[in-house]
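Colleague: These protein sequence lines are chains A and B, in that order.
For the first sequence, our numbering assigns the number 108 to the initial residue and increments by one for each residue that follows.
For the second sequence, our numbering assigns the number 108 to the initial residue and increments by one for each residue that follows.
The structure under discussion is supplied below as structure tokens; questions concerning it will follow.
2 protein chains.
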Amino acid sequence: MKICTTFASVKPKKKILLKDIAQEVGVSTALVSYVLNNQKENRISKEVADKIRKVAKELNYQPNQIAKSLKMQKTHTIGLIVADIANPFSSQLARIIEDEAKKKGYTVIFGSSDENIEKLQGLINVLLNRQVDGFIIAAVDQSEAEIEQLDTNGVPFVLIDRYFPDKHFPYVAIDNYGAAFTAVSHLANRGRKKIGLITYETSLFHLLERKRGYQAALLHENLESDIHLVHEVTIDYTQQDVKQGIRRLLLAESPVDALLFGSNTLAMYGLKAIRDLNISIPEQVAVVTFDETDTHNLFYVSLTYIKQPLAEIGKQATEALLKGLQEQKSLTLQVNLNAELVVQKSSM
Amino acid sequence: MKICTTFASVKPKKKILLKDIAQEVGVSTALVSYVLNNQKENRISKEVADKIRKVAKELNYQPNQIAKSLKMQKTHTIGLIVADIANPFSSQLARIIEDEAKKKGYTVIFGSSDENIEKLQGLINVLLNRQVDGFIIAAVDQSEAEIEQLDTNGVPFVLIDRYFPDKHFPYVAIDNYGAAFTAVSHLANRGRKKIGLITYETSLFHLLERKRGYQAALLHENLESDIHLVHEVTIDYTQQDVKQGIRRLLLAESPVDALLFGSNTLAMYGLKAIRDLNISIPEQVAVVTFDETDTHNLFYVSLTYIKQPLAEIGKQATEALLKGLQEQKSLTLQVNLNAELVVQKSSM
DNA sequence: AATGAATGTTTAAACGATTAAACAGATGTG
DNA sequence: CACATCTGTTTAATCGTTTAAACATTCATT
Chain A
108 MKICTTFASV KPKKKILLKD IAQEVGVSTA LVSYVLNNQK ENRISKEVAD
158 KIRKVAKELN YQPNQIAKSL KMQKTHTIGL IVADIANPFS SQLARIIEDE
208 AKKKGYTVIF GSSDENIEKL QGLINVLLNR QVDGFIIAAV DQSEAEIEQL
258 DTNGVPFVLI DRYFPDKHFP YVAIDNYGAA FTAVSHLANR GRKKIGLITY
308 ETSLFHLLER KRGYQAALLH ENLESDIHLV HEVTIDYTQQ DVKQGIRRLL
358 LAESPVDALL FGSNTLAMYG LKAIRDLNIS IPEQVAVVTF DETDTHNLFY
408 VSLTYIKQPL AEIGKQATEA LLKGLQEQKS LTLQVNLNAE LVVQKSSM
Chain B
108 MKICTTFASV KPKKKILLKD IAQEVGVSTA LVSYVLNNQK ENRISKEVAD
158 KIRKVAKELN YQPNQIAKSL KMQKTHTIGL IVADIANPFS SQLARIIEDE
208 AKKKGYTVIF GSSDENIEKL QGLINVLLNR QVDGFIIAAV DQSEAEIEQL
258 DTNGVPFVLI DRYFPDKHFP YVAIDNYGAA FTAVSHLANR GRKKIGLITY
308 ETSLFHLLER KRGYQAALLH ENLESDIHLV HEVTIDYTQQ DVKQGIRRLL
358 LAESPVDALL FGSNTLAMYG LKAIRDLNIS IPEQVAVVTF DETDTHNLFY
408 VSLTYIKQPL AEIGKQATEA LLKGLQEQKS LTLQVNLNAE LVVQKSSM
């Protein structure tokens, strides 16, 4: 391990301002501003305009966006709040949103809430003080009031992934009920009789919908539907709670023969636990999970998963938000996209 | 799929300004500013100060950071440029940097370069115009001149992961030579005789170092070291190039019996290709890769990998940058941390 | 020639904070 | 009592832009 640290003095290069161009050309800063923003085109002499543009280019003028933001009351920045940027689900969305925003001249400030309401509040505050023009938010449990406040304060935002059914808040998400229903039906069609669910203990609507879809499918397939087939874990002790759930459901006297996981994280911990118990997938237990990873098909048994249309979610959310910003209208778009079940070996 | 879109008018709530507090209390904005920033404490009457603080709290005053930034010439924002935020390597670093920055009151704007020099330039420009106080950058191939320019312009930055050996640019990275050497030695110790390397065709120093370490270890172990054992892939056609490399190295008349992958992406594509060829790991070919994933040990064969100390990298880079910003000194810290070889089944 | 319109440019006030400098009144000092 | 010092507060400039309004010419029209 090599470490080397020294200090040196800085040589801050002078930034070119509007004033500098004005001076160089011999006009007022106003004129320079008009020209560079292509305003009052019919009033400004071509010669002067050309000269200004030429000098601006020569000096490599780059407008100070902070000053511009202050004056214009627009920062062309959006705040992205996800659960955890380190989770592939979030980071993939982040990438799509980044690209979509960039296309329209926006930049993205991000923050991770860790599913924690206080952190969410903190992040919203910080970003509001930085005058972001709007938000894209993956809401956390119990955050309805917080989001409501954004709404009543006229702050533009679009929710992703999670949403509130009784509210008019704009969101882009999937049809969680349908996705879970499909997944469970698939397991039933493969002859599975006793299907368990591992999900979070939460009041987040999208997860409740997944549970509802799971239960509806069991009913529809005339399969056992019992509260004990559902294992709910806490966010703070996810790994150990999942492990415990796996033991409870798979080491019972009549164990489940299939499992649906409510998220990629749950599945990851679940698979580890299952392997540690030397229980074979799919022979002893079939597995389906929500969310995709690049590497799902590299797993010791390739994993059947519910593929969310992340690109579509990110794009629609960003487009809607930016459109809302430009049109100065608060937008109420509520989209539930279809998710696709990708069948691999774990549920054969 | 449900879609529902309507529009409504916005009701922008009045933002509380310094002026409002001043008016309410009946003093000048200057005084309010002094009080809220805890300046001139010995000059300001306790009563007035208390009143100001009380009113500020009541009105829930939140200073406009844009205005503050303009005046102070500091945005308390850092620009993070990674190769691709959707890659777990980048997003894990991003998360660490986010947390570290937040601790010190900084926020992070991020961008993905896609290993592309033009995109890098574009991002740097955008972020500079937004007046970020400094950068944390994973440099791309051929970007030395670009970084050099940052340096000569006195823009504070710290490089991560990738760096330039002949320059004094501050960086935090790992000892790539040593890590590769260790990995290859490990393979040799397991009795592997013909060890291939799959890496990028690049002039990025950290990857050259990995190659150098690989070759040095072969020499040290008295193993065959041949240019044909190294397969270099292009960034634009990574997947197909890897596939081709796997075929070349494993379907040869005397195939390699071990492979080192230069990154997580390479390993991912490589493993897929290997499995498609029905070649067994580790029986026919042992595998080691750079970079970690949450799920490496869930792979169809758990993967031996070189674990980079991401937390340490992110922390040191952020701390150094922020320290540099505060001390107004351009900092020259060059750190190469040790990486750890995590041995799993793929190289047994 | 007088008036109005068109053309080209500048002035100056914002945006919302910070802060050096000025100011006014109280208090202390020789 | 004159002067300096201390205390508490305000004034006004500033950060780097934008932009309405004012200004000055020139040109066209009657």
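Glycine included, C-beta positions come from ideal geometry on N, C-alpha and C.
1. Could you say which of Q130(A), I192(A) and I188(A) lies nearest to L166(A) if we only look at CA atoms?
2. Go to H293(B), then tell me how far its alpha helix (DSSP H) extends in each direction, as first and last residue.
3. Using the beta-carbon of each residue, which ones in chain A are nearer than 8 Å to T396(B)?
4. Which ranges does the beta strand (DSSP E) cover as unbroken runs of at least 3 residues, wholly within the segment 313-385 of chain A, from first to last along the chain?
5. Which residues in the same chain as V349(B) place their Cβ atom closer than 7 Å to its Cβ, once the five residues preceding and following it in sequence are excluded?
6. Who are the Cβ neighbours of S140(A) in its own chain at under 7 Å, not counting the five residues just before and after it?
7. Using the Cβ count rule (16 or more neighbours within 10 Å means buried), how would you classify G421(B)?
8. Taking 9 Å as the CB-CB cut-off, is V340(B) touching chain A?
9. Work out the CA separation of L410(A) and N443(A) for me, nearest whole Å.
10. Tell me whether K147(B) sits in a helix, a strand or coil according to DSSP, three-state version.
11. Less than 9 Å between the C-beta atoms of V162(B) and L138(B), yes or no?
12. Using a threshold of 9 Å, state whether the C-beta atoms of I302(A) and L294(A) are closer than that.
13. Smallest Cα separation from R317(A): which of G298(A), E331(A), V337(A) and P362(A)?
14. Candidates A201(A), A246(A), H275(A) and T214(A): which alpha carbon is nearest Q228(A)'s?
15. In angstroms, rounded to a whole number, what distance separates the CA positions of L432(A) and D398(B)?
16. In whole angstroms, what is the alpha-carbon distance linking F114(A) and T396(B)?
17. Give me the chain B residues within the contact set of V215(A), using Cβ-Cβ distance strictly less than 9 Å, ordered along the chain.
18. Run through chain B and tell me which residues come within less than 8 Å of D191(A), C-beta to C-beta.
19. Quick one: using the 10 Å Cβ neighbour count with 16 as the cut-off for buried, is Y168(A) buried or exposed?
20. Am I right that E251(A) and F271(A) are in contact with their C-beta atoms under 8 Å? What's the rounded C-beta distance?
21. Counting only the same chain and skipping the five closest in sequence on each side, list residues whose C-beta sits under 7 Å from that of S370(B).
22. Alpha carbon to alpha carbon, how far is N296(A) from A365(A)?
23. Output the residue ranges of the beta strand (DSSP E) runs that lie fully inside the segment 244-273 of chain B and measure 3 residues or longer, sorted by chain position.
24. For S176(B), decide whether its Cβ has a neighbour in chain A, counting only Cβ atoms nearer than 9 Å.
25. Measure the C-alpha to C-alpha separation of I173(B) and I192(A) and round it to an integer number of angstroms.
26. Just checking: is the beta-carbon of R299(A) within a distance shorter than 9 Å of some beta-carbon in chain B?
27. According to the Cβ coordinates, are L367(B) and V265(B) closer than 9 Å?
28. Considering I188(A), what are the terminal residues of the beta strand (DSSP E) in which it resides?
29. For the alpha helix (DSSP H) containing K153(B), name the first residue and the last one.
30. Identify each residue in the segment 234-268 of chain A for which the Cβ-Cβ distance to at least one residue of chain B is less than 9 Å, and report them in chain order.
31. Check whether the Cβ atoms of F242(A) and P263(A) sit closer than 9 Å, and answer yes or no.
32. Within the 9 Å Cβ cut-off, does T184(A) reach chain B?
33. Mind checking the segment 146-174 of chain B against chain A and listing, in chain order, the residues whose C-beta falls within less than 8 Å of any C-beta there?
34. By a C-beta neighbour count over all protein chains shown, 10 Å radius and 16 as the cutoff for buried, is Y344(A) buried or exposed?
35. The alpha helix (DSSP H) that contains F217(A), what's its start and end?
36. With distances taken Cα to Cα, identify the nearest neighbour of G352(A) among Q441(A), D282(A) and Y307(A).
Modeller: Looking at the atomic coordinates:
1. Scanning Q130(A), I192(A) and I188(A) for the CA closest to the CA of L166(A) turns up Q130(A).
2. Segment N283 to N296, the alpha helix (DSSP H) holding H293(B).
3. For T396(B), no chain A residue has a Cβ inside 8 Å of its Cβ, as the nearest lies near 12 Å away.
4. Entirely contained in the segment 313-385 of chain A, the beta strand (DSSP E) runs reaching 3 residues are, in chain order, 337-340 and 365-368.
5. If we look at V349(B) and ignore the five residues flanking it on each side, its Cβ neighbours are I305, V340, L373, Y376, G377 and A380.
6. Taken in chain order, the residues that qualify are L125.
7. Around the beta-carbon of G421(B), 16 or more other beta-carbon atoms lie within 10 Å, marking it buried.
8. No, its Cβ sits nowhere closer than 9 Å to a Cβ of chain A.
9. If you take the alpha carbons of N443(A) and L410(A), they lie about 24 Å apart.
10. Coil, per DSSP.
11. No, Cβ-Cβ distance for V162(B) and L138(B) is not below 9 Å.
12. The criterion of a C-beta distance shorter than 9 Å is satisfied by I302(A) and L294(A).
13. The shortest C-alpha separation from R317(A) is found at V337(A).
14. The shortest C-alpha to C-alpha distance from Q228(A) to any of A201(A), A246(A), H275(A) and T214(A) is the one to A246(A).
15. Between the alpha carbons of L432(A) and D398(B) lies a distance of about 40 Å.
16. Residue confidence for F114(A) is low, a pLDDT of 48 falling below 50, so the modelled location carries little weight; the figure read from the coordinates is stated next. Distance between the alpha carbons of F114(A) and T396(B): 36 Å.
17. In chain order: I216, F217 and G218.
18. Neighbours of D191(A) on chain B, chain order: R202.
19. If you draw a 10 Å sphere on the C-beta of Y168(A), you find 16 or more other C-beta atoms in it, and that means buried.
20. Yes, they are in contact, since the Cβ atoms of E251(A) and F271(A) sit about 5 Å apart, within 8 Å.
21. Excluding positions up to five away in sequence, the list reads F397 and D398.
22. CA-to-CA, the gap between N296(A) and A365(A) works out to about 12 Å.
23. Runs of the beta strand (DSSP E) inside the segment 244-273 of chain B: 264-267.
24. At least one chain A Cβ lies under 9 Å of S176(B).
25. Straight-line Cα distance between these residues: approximately 25 Å.
26. No Cβ of chain B is located within less than 9 Å of the beta carbon of R299(A).
27. Taking 9 Å as the cut-off, the beta carbon of L367(B) is found no closer than this to the beta carbon of V265(B).
28. Judged by DSSP secondary structure, I188(A) falls within the beta strand (DSSP E) whose first and last residues are T184 to V189.
29. From DSSP, the alpha helix (DSSP H) with K153(B) extends over K153 to E165.
30. Within the segment 234-268 of chain A, the qualifying residues are L234, L235, N236, R237, Q238, T259, N260, G261, V262 and P263.
31. Contact flag set, yes.
32. At least one C-beta of chain B is nearer than 9 Å to the C-beta of T184(A).
33. Listed by position, the residues of the segment 146-174 of chain B near chain A (Cβ gap below 8 Å) are Q169, P170, N171, Q172, I173 and A174.
34. Per the 10 Å Cβ criterion, exposed.
35. For F217(A), no alpha helix (DSSP H) encloses it; the enclosing beta strand (DSSP E) starts and ends at T214 to S219.
36. With distances taken between Cα atoms, G352(A) lies closest to Y307(A).
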